[in-house]
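Report on the structure given below.
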Amino acid sequence: MFYIASSPDVWAESEDTPYSVMFIYQDQTEEKWFYHELPGWEVVSTCFPEPRANETRKAYALSIDGEVECYSRDGVTVEVIDDAGDKDGGPNYGPVNRIRKLGKHLYVCGHGGQVYRNVDTGWEHCDAGLLQAPASVQNSSGITEEERKKMIQSMIDAMDHEIALYDINGPNEDDLYVVGSDGFMAHYDGKVWNQLDRVTGSHLNCIHVVSPSELWIAGSAGTVLRGNARQGFNVVARKTSEWDFLSITSYEGAVYLSADDGIYSMRNQKPERLDISDKLNLRDVSDIEAKDGVLWALSPKKLLRFDGNEWECFEHPNNQ
440 MFYIASSPDV
450 WAESEDTPYS
460 VMFIYQDQTE
470 EKWFYHELPG
480 WEVVSTCFPE
490 PRANETRKAY
500 ALSIDGEVEC
510 YSRDGVTVEV
520 IDDAGDKDGG
530 PNYGPVNRIR
540 KLGKHLYVCG
550 HGGQVYRNVD
560 TGWEHCDAGL
570 LQAPASVQNS
580 SGITEEERKK
590 MIQSMIDAMD
600 HEIALYDING
610 PNEDDLYVVG
620 SDGFMAHYDG
630 KVWNQLDRVT
640 GSHLNCIHVV
650 SPSELWIAGS
660 AGTVLRGNAR
670 QGFNVVARKT
680 SEWDFLSITS
690 YEGAVYLSAD
700 DGIYSMRNQK
710 PERLDISDKL
720 NLRDVSDIEA
730 KDGVLWALSP
740 KKLLRFDGNE
750 WECFEHPNNQ
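For the sequence shown, position 314 (counting from the first letter as 1) is numbered 753 according to our numbering, and the numbering increases by one without interruption.
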């Protein structure tokens, strides 16, 4: 099973109100594809964690403004992270980017150093030491040209120093990592966040956990890091491609990456582009994930599955 966020082309190619359509691909059923719609939502991240014993399996979707949908056979619930996004009357901390189930809780990270944790009472900040003050929007009416220029420059400077967090992951809730813009990395030991030494200036997009001592991080311009907070991270690959790595996982002992130009695997400590990328003309492969004993990869029009021997490609009937 795989959970997918999509948008109809007519909306993706316009500036109209966002519109997301959520799909579950279930190979073991005759119908295969199941969907529901989220009008007005721009879904930026999903997670479909394994259920605990005697628990219904739940699928989660996160919007850019911090709305969280929980979808299961028991029904649908929606929660809102009040401080996330750019809501009327809110603090305007900015967009959020990723949702993950880590341990017993859901976590969300985003721009401005935002990190949230879902607890019994709702969504709480878990970003002391990371969270940045939101950019203030000033009224430009009645000011001089010189004042207007200073205001614009101040906003540009704030954007240049913004910490945008693109992923959160870790072996357990007392051993979490966030990564983001310009090589930013930080580690959480269950009490405080500590910024880690910056070993690259590339944007870091994704984290994969093999073990507490072995984490892989990948990002822009073919950047790949390996290590942990205690011993440090080493650069495995740097500027190996003009393309960005978007997601990373491991399957049957090998590390796989999705990228703007297809799918890669690590061979002899170097990322090597797989032949399937050209065979299927893959572009913008946004996600790669090992789940249910197989490897899944997602591109704009194709869902791929690899069982260790063969790749299969599934297309929604409406795209054929």
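From the three backbone atoms N, C-alpha and C, an ideal C-beta is built for every residue, glycine too. Please read all numbers here as calculations on a predicted model, not as lab measurements.
Judged by DSSP secondary structure, Lys718 falls within the alpha helix (DSSP H) whose first and last residues are Ile715 to Lys718.
Within the stretch 625-708, complete beta strand (DSSP E) segments of at least 3 residues are found at 632-634, 643-650, 653-658, 663-667, 671-676, 684-690, 693-698 and 701-706, given in chain order. Phe745 sits close to Leu734, with the two beta carbons spaced by under 7 Å. Less than 7 Å divides the Cβ of Gly524 from the Cβ of Asp504. Taking C-beta atoms as the reference points, Leu569 and Gly552 count as a pair closer than 7 Å.
In the DSSP assignment, the residues bridged to Pro710 are Met705. In the three-state scheme derived from DSSP, where H, G and I count as helix and E and B as strand, Asp614 is classed as strand. The Cβ atoms of Ile687 and Ala657 sit closer than 7 Å to each other. Boundaries of the beta strand (DSSP E) around Ala444: Phe441 to Ser445. Between Leu664 and Val675 the beta-carbon gap is near 6 Å, inside 8 Å, which marks them as a contact. Between the alpha carbons of Asn720 and Leu545 lies a distance of about 35 Å. Judged by DSSP secondary structure, Pro478 falls within the beta strand (DSSP E) whose first and last residues are Trp472 to Pro478. Take Pro534, set aside five residues on each side of it, and the residues of its chain with a beta-carbon closer than 6 Å to its own are Ile503, Gly549 and His550, in chain order. When secondary structure is reduced to three states using DSSP, Ser502 falls in the strand class. Residue pairing from DSSP places Ala603 in a beta bridge opposite His550. Put simply, the backbone Cα of Lys497 is about 36 Å away from that of Thr639. For Leu721, no beta strand (DSSP E) run applies, since DSSP gives it neither H nor E. Here Pro610 is near Val648, since their CB atoms are less than 7 Å apart.
Burial is judged here by how many other beta carbons sit within 10 angstroms of a residue's own beta carbon; Tyr442 has at least 16 and is buried. Counting the other Cβ atoms within 10 Å of the Cβ of Ser650 gives fewer than 16, which makes it exposed.
Proximity to Glu489 across Pro573, Trp562 and Gly542 peaks at Gly542, based on C-alpha coordinates. Between the alpha carbons of Asn667 and Ser652 lies a distance of about 6 Å. Beta-bridge pairing by DSSP links Ala567 to no other residue. In this structure, Asn536 sits away from Tyr616, with a CB-CB distance that is not shorter than 7 Å. Looking only at Val631, Val507 and Cys509, the smallest Cα-Cα distance to Cys565 is reached by Val631.
Ala500 and Cys509 have their C-alpha atoms some 7 Å from each other.
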